[in-house]
Amino acid sequence: NYWQWTAEWGLYIQHNYSKLLYETDRQTPSFCMRQTDRQTDRQTEMEVMQILHMNKGVGETSYAQNSKLQSKIISITKPIIHDAVQEILRSNNIESMGIADLGCSSGPNTLLLISEIIDAIIRTKSCSLGLHLSATTELRVFLNDLFSNDFNNIFMSLPAFYNKLKQEKGPELGSLFISATPGSFYGRLFPARSLHFVHSSSSLHWLSQVPPGLDSKAAGEALNKGKIYISKTSPQCVLDSYALQFHNDFSLFLKSRSEEMFGGGRMVLSLMGRPSYDPTTPASCYQWELLAHALMTLVSEGLIAEEKVDSFNAPYYAPCEEELSLALKKEGSFLMDSLEAFEIDWDGGGGDQELHHTFDMVGSGQKVAKTVRAVVESMLESHFGKDIMDHLFQCYAELVSNHLSKSRTRYINLVLVIIKKD
48 NYWQWTAEWG LYIQHNYSKL LYETDRQTPS FCMRQTDRQT DRQTEMEVMQ ILHMNKGVGE
108 TSYAQNSKLQ SKIISITKPI IHDAVQEILR SNNIESMGIA DLGCSSGPNT LLLISEIIDA
168 IIRTKSCSLG LHLSATTELR VFLNDLFSND FNNIFMSLPA FYNKLKQEKG PELGSLFISA
228 TPGSFYGRLF PARSLHFVHS SSSLHWLSQV PPGLDSKAAG EALNKGKIYI SKTSPQCVLD
288 SYALQFHNDF SLFLKSRSEE MFGGGRMVLS LMGRPSYDPT TPASCYQWEL LAHALMTLVS
348 EGLIAEEKVD SFNAPYYAPC EEELSLALKK EGSFLMDSLE AFEIDWDGGG GDQELHHTFD
408 MVGSGQKVAK TVRAVVESML ESHFGKDIMD HLFQCYAELV SNHLSKSRTR YINLVLVIIK
468 KD
């Protein structure tokens, strides 16, 4: 087996490095990290928190206008969310239900999740025979994202959202209190034992920081030369650093939520993943490979320096199912209820285009480019500058269109439902 699991540490490393000892949690393998990297670890985390945000507003390149993919994921997980909410109400007499949406972003998807939860509660009340339901259950909904998120966009849309709910739900709606809680979910956000249900969609694949040490050089060359994420040509220490960073981040996420949730509370977490142990599969990294190709095209045109590409690494990681299971088992505060994987087209389509022979490669490439731009432009602009963004994503759209003409690569999305132990 090319991959060897090291259960003691709750992460995997490839066979050639199986004898290397890892230091304490939240450190990087020493073979890929210098002392100066440890000193700047916190600074790197702060930079990601300040820079990473979805494109704001409602313009052509905004996240609000280019989040069909994320909306599709929420739609697919709708029955899972409904089941989780019903199970919470089935086993608890809740008068005030604490709900958190972590990584809520802004735009239509933010309030969509709240609507789904309210629908689940009302549906449960309508068939409440044998369930412990309070007729006056109030909902406390906390919307969380990083400080740089466009919360103003959310606040401006709340009056219309409240009015729509009152018209559609009537007196069944009950009391609803929506508030924002900015900050990183890789740490405490809420008071102890204040939450019954936690949701996070399309967020946990973002790391708290770029794994330290990736800007190191071997024999005078950048470790991950010409790449911005894991790839087939990445050295082993790059793969291991990403895996360890995710493991530490996800473990801290679980520990933080365990202190904030009631026993019996549930989390529904969906994030990008991969189909196998190998992190270099196209399903988990090829969108980044094409973006690196687009950047190197701009290098060849003299628009950016190659060193700028070599020094950029995405704070992102797509885990496999086994990594989630091992991290969950090691942290110990939650029970696994279910873990599912499903495929979704890069452009957020339903996968029936091929059956009807209507697949538009050029249009799909442009959709993918706009979707990716809405998510990563803040990071790229901070590193490479604003002036090249239009040209970069035009080039990226062409590369994606060409790729989709040869292969219908799809994302793998993992959906995890876990229960807080009493």
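Take the sequence shown: its position 157, counted from the start at 1, is 204 in the working numbering, and no numbers get skipped.
Cβ atoms here follow ideal geometry from the backbone N, Cα and C, with glycine treated the same way.
Predicted, not measured: the structure shown is a model, and the values here were computed from it.
Which of helix, strand or coil DSSP assigns to residue i
i	result
ALA365	coil
LEU470	Residue numbering for the chain in the displayed model covers 48 to 469; residue 470 lies beyond these limits and cannot be assessed.
THR327	coil
TRP335	helix
THR184	strand
TYR443	helix
ASN360	coil
ASN460	strand
VAL257	coil
LEU375	helix
SER347	helix
ASP148	strand
LEU316	strand
Rounded straight-line distance, which links the Cα of residue j to that of residue i
i	j	result
MET426	ILE98	6 angstroms
ALA361	LYS172	44 angstroms
GLU390	ALA352	36 angstroms
PHE194	LYS468	31 angstroms
PHE300	PHE293	10 angstroms
SER347	SER248	37 angstroms
GLY379	ASP192	26 angstroms
MET203	ALA131	30 angstroms
LYS213	ILE168	15 angstroms
ILE459	VAL285	22 angstroms
LYS211	LEU223	13 angstroms
ARG235	GLY145	15 angstroms
GLU368	GLN441	34 angstroms
VAL415	VAL409	10 angstroms
MET322	HIS430	The question names Met, but residue 322 is Pro in the sequence shown. Computed Cα separation, rounded: 31 angstroms.
LYS453	PHE381	42 angstroms
ALA207	THR157	14 angstroms
THR124	LEU116	13 angstroms
MET472	GLU215	In this structure the chain extends from 48 to 469, so residue 472 is not present and cannot be described.
ASN196	ASN139	34 angstroms
ALA444	ASP394	11 angstroms
ILE466	LEU350	50 angstroms
LEU136	MET383	19 angstroms
GLU370	PRO218	44 angstroms
THR87	THR280	Below a pLDDT of 50, predicted positions are generally treated as unreliable, and THR87, at 48, falls in that range; the measurement from the model is reported next regardless. In a straight line, the C-alpha of THR87 is about 26 angstroms away from that of THR280.
VAL257	TRP335	15 angstroms
GLY57	GLY106	Note that GLY57 scores 40 on pLDDT, short of 50, meaning its location in the model is unreliable; the coordinates nonetheless yield the value given after this. Roughly 43 angstroms between the two C-alpha positions.
LEU159	ASN271	39 angstroms
ILE165	GLY310	21 angstroms
GLU428	CYS332	21 angstroms
Where the alpha helix (DSSP H) containing residue i begins and where it ends
i	result
PHE297	283-307
ASP532	Look at the range of the chain in this structure, 48 to 469, and you will see that residue 532 is not part of it.
LEU386	No alpha helix (DSSP H) contains LEU386, which is instead part of the beta strand (DSSP E) from 381-392.
LYS414	408-431
ARG173	Correcting the residue identity first, residue 173 is Ser in this sequence and not Arg. Its alpha helix (DSSP H) spans residues 155-173.
Check whether residue i and residue j have beta carbons under 8 angstroms apart
i	j	result
VAL419	MET314	no
ALA365	GLY396	no
PHE237	PHE189	yes
VAL464	SER372	no
TYR110	SER152	yes
MET482	LEU242	This structure gives no information on residue 482, because the portion of the chain shown stretches from 48 to 469.
TYR289	ILE275	no
THR456	ALA330	yes
LEU446	SER411	no
GLY150	PHE232	yes
ILE161	VAL462	no
GLU163	GLY221	no
ARG187	SER122	no
LEU318	HIS252	yes
GLU470	ALA227	Here the chain has residues from 48 to 469 only, and residue 470 is not among them.
GLN363	LEU439	According to the sequence shown, residue 363 is Tyr rather than Gln. Result no, Cβ atoms of TYR363 and LEU439 do not sit closer than 8 angstroms.
SER358	ASP434	no
ALA298	ALA374	According to the sequence as given, residue 298 is Ser; it is not Ala. Yes, they are a contact pair.
LYS417	ASN113	yes
ASN200	GLY154	yes
Let me know the alpha helix (DSSP H) ranges lying completely inside the segment 191-251, each 4 residues or longer, listed in chain order.
198-216
Segments of 3+ residues assigned as beta strand (DSSP E) that fall wholly inside the segment 90-145:
none
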